[in-house]
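This report concerns only the one structure given below.
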Amino acid sequence: PRIRSGSRSWSPTPTKASSTRSRRSCPAPPGRVCRVHFARHVSRALGTARSKPVNALIGTIFAQTTPETVIDCYQQVTASLARSGFTEVADTLERAEPDLTAFATMPTENWRKLWSNNPIERLNREIKRRADLVQIFPDRGSVTRLIGAILLEQHEEWHYGERRYLSEVSTRRLIDTLTKDTRDPYSALAISA
Numbered sequence: 025p026r027i028r029s030g031s032r033s034w035s036p037t038p039t040k041a042s043s044t045r046s047r048r049s050c051p052a053p054p055g056r057v058c059r060v061h062f063a064r065h066v067s068r069a070l071g072t073a074r075s076k077p078v079n080a081l082i083g084t085i086f087a088q089t090t091p092e093t094v095i096d097c098y099q100q101v102t103a104s105l106a107r108s109g110f111t112e113v114a115d116t117l118e119r120a121e122p123d124l125t126a127f128a129t130m131p132t133e134n135w136r137k138l139w140s141n142n143p144i145e146r147l148n149r150e151i152k153r154r155a156d157l158v159q160i161f162p163d164r165g166s167v168t169r170l171i172g173a174i175l176l177e178q179h180e181e182w183h184y185g186e187r188r189y190l191s192e193v194s195t196r197r198l199i200d201t202l203t204k205d206t207r208d209p210y211s212a213l214a215i216s217a
């Protein structure tokens, strides 16, 4: 799908040439990554035969059962890879630590669903599918309205639908976990006054 704007056109999805170009120039997976995409990146960079033991070692991080052991194992795996001559993988692993270990800050019953970004990928595929149906957008506003409608529909399905990605109890625990460390914004005003 393309948006015509005078003599220029804009596409909401990257072209094959731009994704090939970014893959060649980017040593680490761009943006936020899940464990599956990180493993694919390692396989692509090292080749299948060399990546199997490396990915098995990285997989031990996600087999841990407590946040502390996840972080400890992550550091041990990174150090082990650096010692074994996989310095580029160790550096990439070090840079990806905030994304790959973000699940460990949440309640353990949600880990399996949080360490993957499958729901977001599914949503992106749906946006692409619907944009491909329309094919041409008269302006940016029209593509924004289409994507906004898809996102609203998905939000309602995730929030109110019968098939929820996380149960209400899990969602409440997640919200409590995310908000327990934040301060009341009005308390800062009282202190500064």
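In short: position in the sequence shown from 1, add 24, done, that's our numbering. Where a beta carbon is used, it is the ideal one built from N, C-alpha and C, also for glycine.
What's the C-alpha gap between residue i and residue j?
| i | j | result |
| --- | --- | --- |
| residue 124 | residue 58 | 6 Å |
| residue 72 | residue 86 | 21 Å |
| residue 68 | residue 77 | 14 Å |
| residue 109 | residue 74 | 12 Å |
| residue 79 | residue 117 | 11 Å |
| residue 203 | residue 144 | 23 Å |
| residue 139 | residue 126 | 8 Å |
| residue 160 | residue 63 | 36 Å |
| residue 181 | residue 191 | 13 Å |
| residue 84 | residue 92 | 14 Å |
| residue 146 | residue 119 | 26 Å |
| residue 184 | residue 90 | 31 Å |
| residue 198 | residue 133 | 10 Å |
| residue 112 | residue 188 | 39 Å |
| residue 162 | residue 156 | 14 Å |
Output needed for residue i: all residues of its chain with C-beta closer than 7 Å, excluding positions within five of it in sequence on either side, in chain order.
| i | result |
| --- | --- |
| residue 174 | 150, 151 and 154 |
| residue 114 | 102, 105 and 106 |
| residue 88 | 94 and 97 |
| residue 171 | 151 |
| residue 121 | 98 |
| residue 135 | 127 |
Near residue i, which residues of its chain fall below 8 Å by C-beta distance, leaving aside the five closest residues on each side in sequence?
| i | result |
| --- | --- |
| residue 201 | 129, 130 and 131 |
| residue 81 | 101, 104 and 105 |
For residue i, is the classification buried or exposed, using 16 other Cβ atoms within 10 angstroms of its Cβ as the cut-off for buried?
| i | result |
| --- | --- |
| residue 166 | exposed |
| residue 42 | Note that residue 42 has pLDDT 41, beneath the 50 cutoff, so the model's placement of it is unreliable and no number is given. |
| residue 65 | buried |
The ligand ATP and residue i: does any heavy atom of the ligand fall closer than 8 Å to the residue's C-beta?
| i | result |
| --- | --- |
| residue 57 | The ligand ATP is not among the ligands present in this structure, which contains no ligands whatsoever. |
Report the residue ranges of all alpha helix (DSSP H) runs contained in full by the stretch 141 to 212; include only those spanning at least 4 residues, in chain order.
142 to 158, 164 to 184 and 192 to 203
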